[in-house]
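**Q**
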Amino acid sequence: MPITKDPDNASAAGPAIILVEPQLGENIGMVARAMANFGLAELRLVNPRDGWPSEKARAAASRADHVIDAVKVFDDLASALADLNFVFATTARQRDGFKTVRGPVEAGRVLRARHGIGQRTGILFGRERFGLYNDEVGLADEIVTFPVDPDFSSLNIAQAALLMSYEWMKSGLEDETRTNFSGPDMKPASKEELHGLFAYLEGALEARGYFRPAPKKPKMVDNLRAVLTRAGFAEPELKVLRGIISSLDRFSPAMPRGDGSPGDDPRRLPAAARAAKAEADRQAHRPAGDDEDTPPLGGKGTDND
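Using our numbering, read the sequence shown as starting at 4 and increasing by one per residue.
In structure tokens, the structure reads:
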């Protein structure tokens, strides 16, 4: 469902975005999309090269139709800024003059503060090829510039609009690090659970001769404990680790899961039990009538000699 906005109440959505002589409809559309991503809705165009409206802009806006439908077009920059109280000009070049220069984070907070006291604000962006003329920057109150690589400082206007729109939205959050969704809320594991996991692992490793040579076992145990008992594990994470260790402890390539109970693996039995099991298996698989205590007929030393 398309979003609808009241164009007469555009100031409620935040600062206006002003594009000076934009050349491509696609760039205008991408600016509209970036604005919509972060809650801005008022887009002003100064003398767009290919005129207005633009189907290319609408297509590139990717359903930000409420921004495209409310676009206002002006013949000159002074008219586009006339009803605004405070304007930032974006530029990547150092300018002569006495204007305050701010980074995007600080600029977002300035815009939010002025918006909060009822001022109408705007952010001014220049042409795709060379940005703003000095006299156009002179119509703004302050400059905002981005901390880009000086050897490659040019930004696409949609990218620049996205950065400023993001800073605008972030400045209005109670917590600037808040996101729209987060990871699962998991209960931290207790020390008892951590120590229990380690004891289980240590027993499994001991049974397999991991601690070799024996004199190094205390240091190896210390290292394992330092890794596995640190703070930060959650209860569900310990359950996953314990399940992994249990599976490795109980099953092997020679006795994979699905081959019966791991207790059937003779390698897991004591020596005496292994011998008894082997004898029982031998007896169970002896051919019928095969009795070791009965000499075969015709054998030496029998009545048939």
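Even for Gly, the Cβ is constructed at its ideal location relative to N, Cα and C.
In this text the structure is predicted, and so the values were computed from the model without any measurement.
Give the secondary structure of arginine 98 by DSSP, where H, G and I count as helix, E and B as strand, and everything else as coil.
**A** Position 95 of the sequence shown, counted from the start, is the residue given in the question as residue 98. Reduced to three states, the DSSP call for arginine 98 is coil.
**Q** Rounded to whole angstroms, how far is the Cβ of glutamate 145 from the Cβ of arginine 105, which I believe are closer than 8 Å?
**A** Here the question's residue 145 lines up with position 142 in the sequence shown. Here the question's residue 105 lines up with position 102 in the sequence shown. Sure, about 6 Å apart at Cβ, within 8 Å.
**Q** Using alpha carbons as the reference points, say which of Met38, Pro56, Glu24, Val224 lies closest to aspartate 78.
**A** Within the sequence shown, the letter at position 75 stands for residue 78. That would be Glu24, whose Cα lies nearest to the Cα of aspartate 78.
**Q** Under a Cβ-count criterion, where at least 16 other Cβ atoms within 10 Å of its own Cβ denotes burial, should glycine 129 be classed as buried or exposed?
**A** If you number the sequence shown from 1, residue 129 lands on position 126. Classification for glycine 129: buried.
**Q** So lysine 75 is in the beta strand (DSSP E); what residue range does that whole segment cover?
**A** As a working note, residue 75 is residue 72 in the sequence shown. That run of the beta strand (DSSP E) goes 75–77.
**Q** From which residue to which residue does the alpha helix (DSSP H) around valine 49 run?
**A** Counting from 1 along the sequence shown, the entry for residue 49 is found at position 46. First-last for valine 49: 46–49, but that is the beta strand (DSSP E), not the alpha helix (DSSP H).
**Q** When you compare only the Cα positions, how much space is there between lysine 75 and aspartate 68?
**A** Position 72 of the sequence shown holds residue 75. Position 65 of the sequence shown holds residue 68. Cα to Cα, lysine 75 sits roughly 14 Å from aspartate 68.
**Q** Please check the pair glycine 119 and tryptophan 171, which I expect to be a contact at CB under 8 Å, by giving their CB distance rounded to whole angstroms.
**A** Here residue 119 refers to the residue found at position 116 of the sequence shown. Here residue 171 refers to the residue found at position 168 of the sequence shown. Going by Cβ atoms, the distance from glycine 119 to tryptophan 171 rounds to 12 Å, so no, they are not a contact pair.
**Q** Which runs of the alpha helix (DSSP H), 4 residues or longer, sit entirely within the segment 187–233?
**A** 194–210, 220–231
**Q** Here's the rule: buried if 16 or more other CB atoms are within 10 angstroms of the residue's CB, otherwise exposed. What is phenylalanine 91?
**A** Residue mapping note: residue 91 aligns to position 88 of the sequence shown, counting from 1. The Cβ neighbour count for phenylalanine 91, taken over all protein chains shown within 10 Å, is at least 16; the residue is labelled buried.
**Q** Counting pairs of beta carbons, one from the segment 132–140 and one from the segment 31–47, are three or more of them closer than 8 Å?
**A** The segment 132–140 makes no contact with the segment 31–47; the number of CB pairs closer than 8 Å stays below 3.
**Q** Spell out a yes or no on whether the segment 175–192 and the segment 51–58 are touching, meaning 3 or more CB-CB pairs, one atom from each, closer than 8 Å.
**A** no
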